[in-house]
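Input: a single structure, listed below in structure tokens.
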Amino acid sequence: MHILEVAGINKSHKGKILLRDINAVFEGGRVYGITGKNGAGKTVLFKVLTGLMLHDSGTVLYDGADIKKSESDIGLLIDDVSFYPEFSGFKNLMLLAGIRNKIDKTDVMRAMERVGLNPNDKTLFWKYSLGMKQRLVLAQAIMEQPDFLFLDEPTNSIDETGVDLFYQIVREEAERGAVVLISSHIKSDINNLTDEVYLMHDNTLTKAGENNID
Amino acid sequence: MIRTQIKLMFSKFDFYIALLICTVMSIIYFIKAPHTPAGMVSHEYLYWGNGYTSGFATFSTIYPFLIVIPFATSFIDDLSRKTYLPITLRGDKQKYILGKYIAVFIGNFLMIFVPFLLNLILCFALYDKNSVTPFGDRWLGNLDGVLYGTNIVYDTPCKKTLFADVFFENPFFYHILYLLLFAFITGMLGVFVMAISMWMKKFKILLFVPVYVLMSIAGTYTSISLHKAISNPNRTFINFNILDYVSPFNTIGGCYYPVLIGVVIVITLFAAISGIHVVKKDVI
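For the record, the sequence lines run as chains E and P.
Residues 1200 to 1413 in my numbering are what the first sequence spells out, letter by letter.
Residues 79 to 362 in my numbering are what the second sequence spells out, letter by letter.
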């Protein structure tokens, strides 16, 4: 079973505290919700946990290995993620797939189909609608079947059909054994999907309880 | 990670635009070449890459801007579009930066190497090997004056042309060696511009300025140094114009190769410091 252990994480930037003593353990096969107000530090937390941002102190262990040395596959959906506008969605994903070189063309096509995009569509990324962009970001997050999946405000720009599809994908990923973390300020996302909920408040993370928030 | 950046460079229009500009110039100056000089000029004389041709003078003017086109703005583009996020998630940031540097080096190297090689091959294949070379008259046997620097009247630390001996053995190979040097330096200048972009993360247009300014300053210092050496036998002339170091023939000489090595070392160190800054300061 995959496990993500976070202990004593602190992060500050230009004198401002962004994360304060973050401690948690996340296990595979479960979906964790992280909720909190805008600016509470959810996105920073995800960036630190995925190694996109350096932390000042503390440890992040993926299956017992420090984040810097870990070989675990991580998938991330974050608002900031973007792609090369002059390439099609498929070409963008193929470019990314070439980095780890663990999946091939068929896997990329399957990931696109899972999120409801046509892999043969030659439309360039800059012509994509907001919803299509969000779907493509989700496709890049799941295409390598990551052991750890981080989804930051995942349903922000997806329509209702898209939301149902997204819920289904999240459940499938957790059933596969992945550790799934979702940060959202949308209560229905948290209530419908998560097994455990954490609250991000004043840059600290506290356990809010089992899968229901009001 | 490194392969991805190279693949990305080859997928972008920018590289092909730069390559196209240079290739078109290469063909134009191949066609125009025999109309310029007079006499029984040899194919070495007609090669576009020689420092004295009008074609090379035109090329020198746009060279500082061409350096930026293939891939040097790629880091700043990634940063502004956030396209670096899904990439750095899949590999470490050091390799991402290294990949950028290698890709920009390859792009700039090829932008120079391919069109100039084309011109060189065409000149050597289709124009005759005649008497008059850039270094003197082959039949009169006075090439060594320029090649070994015995004709230079002012003091300069390195009178002999680099690879001078190779020219007597194989003029084509001599030109290839200089072309490799030219392409290498162009690659390094691309790395330099990209390293600058790691500090100057906005105003992409400003990336066209640094190499142009540095080359202008180098040109001014070279002129000053030459005039002082000519007017005063106790002064030593050192050429700071980098394009004179990488062209098979230049009219004023004075190429002191430690200057070139120094430029390469400074660029390498600056690139390393810039890369470390980006990784350690959470720029990406």
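Heads up, the beta-carbon is just placed ideally off N, CA and C, and yes, glycines get one too.
Q) Could you give the distance in angstroms between the alpha-carbon of P:V269 and the alpha-carbon of E:D1265? A) Taking the first residue of the second sequence as 1, we reach residue 269 of chain P at position 191. Taking the first residue of the first sequence as 1, we reach residue 1265 of chain E at position 66. So the two alpha carbons sit approximately 32 Å from each other.
Q | E:Q1339 to E:A1310 span [Cα, whole Å] | A | By one-based count along the first sequence, residue 1339 of chain E stands at place 140. By one-based count along the first sequence, residue 1310 of chain E stands at place 111. Distance between the alpha carbons of E:Q1339 and E:A1310 is about 8 Å.
Q | Residues within the segment 1332-1353 of chain E neighbouring chain P, beta-carbon criterion of under 7 Å | A | Q1339
Q: Would you kindly report the start and end of the unbroken alpha helix (DSSP H) that includes P:G205?
A: On the second sequence, position 127 is the one that residue 205 of chain P refers to. Before going on, a small fix: residue 205 of chain P reads as Tyr here, not Gly. Here P:Y205 belongs to no alpha helix (DSSP H), and DSSP marks it neither H nor E.
Q. Short check: CB of P:G297 to CB of P:N319, under 7 Å?
A. Along the second sequence, read from residue 1 onward, the residue named residue 297 of chain P stands at position 219. Along the second sequence, read from residue 1 onward, the residue named residue 319 of chain P stands at position 241. Yes; because the gap between Cβ atoms is below 7 Å, this pair is in contact.
**Q.** Segment contact flag, the segment 245-252 of chain P with the segment 338-353 of chain P, C-beta cutoff 8 Å, min 3 pairs
**A.** no
Q) For E:F1349, which residues does DSSP report across the bridge? A) Indexing the first sequence from 1 puts residue 1349 of chain E at position 150. Partner(s): E:L1275 and E:L1380.
Q. Under three-state DSSP, which class holds E:I1202?
A. Numbered from 1 along the first sequence, position 3 holds the residue referred to as residue 1202 of chain E. Three-state DSSP puts E:I1202 in a strand.
Q. Taking Cβ-Cβ distances shorter than 7 Å, what residues in chain P pair up with E:F1282?
A. Along the first sequence, one-based indexing puts residue 1282 of chain E at 83. Those within 7 Å of E:F1282 in chain P are T161.
Q. For E:M1308 and chain P, any beta-carbon pair shorter than 7 Å?
A. Taking the first sequence and counting its residues from 1, one reaches residue 1308 of chain E at position 109. Chain P, which has no Cβ nearer than 7 Å to the Cβ of E:M1308, makes this no.
Q: Report the residue from P:L144, P:R313 and P:T82 whose alpha carbon sits nearest the alpha carbon of P:Y290.
A: Numbered from 1 along the second sequence, position 212 holds the residue referred to as residue 290 of chain P. Comparing Cα-Cα distances from P:Y290 to each of P:L144, P:R313 and P:T82, the minimum goes to P:L144.
**Q.** Interface positions of the segment 1265-1280 of chain E facing chain P (Cβ-Cβ less than 7 Å), listed along the chain
**A.** I1273, L1275, I1277, D1279 and V1280
Q) At a Cβ threshold of 7 Å, is P:R168 touching chain E? A) Taking the second sequence and counting its residues from 1, one reaches residue 168 of chain P at position 90. Yes, P:R168 lies at the interface with chain E (some Cβ there is under 7 Å from its Cβ).
Q.
Helix, strand or coil, according to DSSP, for E:M1399 in the structure here?
A. The residue labelled residue 1399 of chain E in the question sits at position 200 within the first sequence. Three-state DSSP puts E:M1399 in a strand.
Q: With 7 Å as the C-beta to C-beta threshold (strictly closer), list the residues of the segment 1237-1269 of chain E near chain P in chain order.
A: T1249, L1251, M1252 and L1253
Q: Would you mind sorting P:I351 into buried or exposed? The rule is 16 or more other CB atoms within 10 Å of its CB.
A: Locating residue 351 of chain P in the second sequence gives position 273, counting from the first residue. Exposed: under 16 other Cβ atoms inside 10 Å.
Q) E:T1242 lies in the beta strand (DSSP E); which residues open and close that run? A) Mapped onto the first sequence, residue 1242 of chain E falls at position 43. Looking at the DSSP string, E:T1242 is not in any beta strand (DSSP E); the run it does join, the alpha helix (DSSP H), is K1241 to L1248.
**Q.** Cβ-based contacts, 8 Å cut-off: residues of the segment 1280-1305 of chain E near chain P
**A.** V1280, S1281, F1282, Y1283, P1284, E1285, F1286, K1290, L1294, L1295, G1297, I1298 and R1299
Q.
Run through chain E and tell me which residues come within less than 7 Å of P:R216, C-beta to C-beta.
A. As a working note, residue 216 of chain P is residue 138 in the second sequence. Per Cβ cutoff of 7 Å: no residues; P:R216 is ~51 Å from chain E at best.
(Q) Can you tell me whether P:D215 is helix, strand or coil according to DSSP? (A) Translated into positions along the second sequence, residue 215 of chain P becomes position 137. In this structure, P:D215 counts as strand in the three-state DSSP scheme.
Q) Buried or exposed: which applies to E:N1411, given that a residue is buried once 16 or more other Cβ atoms fall within 10 Å of its Cβ? A) Taking the first residue of the first sequence as 1, we reach residue 1411 of chain E at position 212. Reliability fails at E:N1411, whose pLDDT of 47 lies under 50, so the model's placement of it is uncertain and the value that follows must be treated cautiously. The residue in question, E:N1411, is exposed, as its Cβ has fewer than 16 Cβ neighbours within 10 Å.
**Q.** Own chain, CB closer than 8 Å to E:Y1327, minus 5 neighbours either side, in chain order
**A.** Here residue 1327 of chain E corresponds to residue number 128 of the first sequence, with the count starting at 1. Hits under 8 Å: G1288 and L1335.
**Q.** Cβ separation of E:L1248 and E:V1259, assumed to be a contact under 8 Å, to the nearest whole Å
**A.** Stepping through the first sequence from its first residue, residue 1248 of chain E is reached at position 49. Stepping through the first sequence from its first residue, residue 1259 of chain E is reached at position 60. Between E:V1259 and E:L1248 the Cβ distance is about 6 Å, and since that is below 8 Å, they are a contact.
Q) What is the DSSP secondary structure of E:Y1231, reduced to helix, strand or coil? A) Indexing the first sequence from 1 puts residue 1231 of chain E at position 32. Of the three classes helix, strand and coil, the one that applies to E:Y1231 here is strand, per DSSP.
Q. Are there 16 or more other CB atoms within 10 angstroms of the CB of P:L257, so buried, or fewer, so exposed?
A. Locating residue 257 of chain P in the second sequence gives position 179, where the first residue counts as 1. Flag for P:L257 reads buried.
Q.
With a threshold of 7 Å between beta carbons, is P:P164 in contact with chain E?
A. Along the second sequence, one-based indexing puts residue 164 of chain P at 86. Closer than 7 Å to some Cβ of chain E, the Cβ of P:P164 qualifies, so yes.
Q: Measuring only between beta-carbons, confirm whether P:T82 sits less than 7 Å from chain E.
A: Stepping through the second sequence from its first residue, residue 82 of chain P is reached at position 4. Yes, its Cβ sits closer than 7 Å to a Cβ of chain E.
Q | Same chain only: Cβ atoms within 6 Å of E:K1210, ignoring 5 sequence neighbours per side | A | Residue 1210 of chain E sits at position 11 when you count from the first residue of the first sequence. Closer than 6 Å at Cβ, skipping near neighbours: L1217, L1218, V1247, H1254 and D1255.
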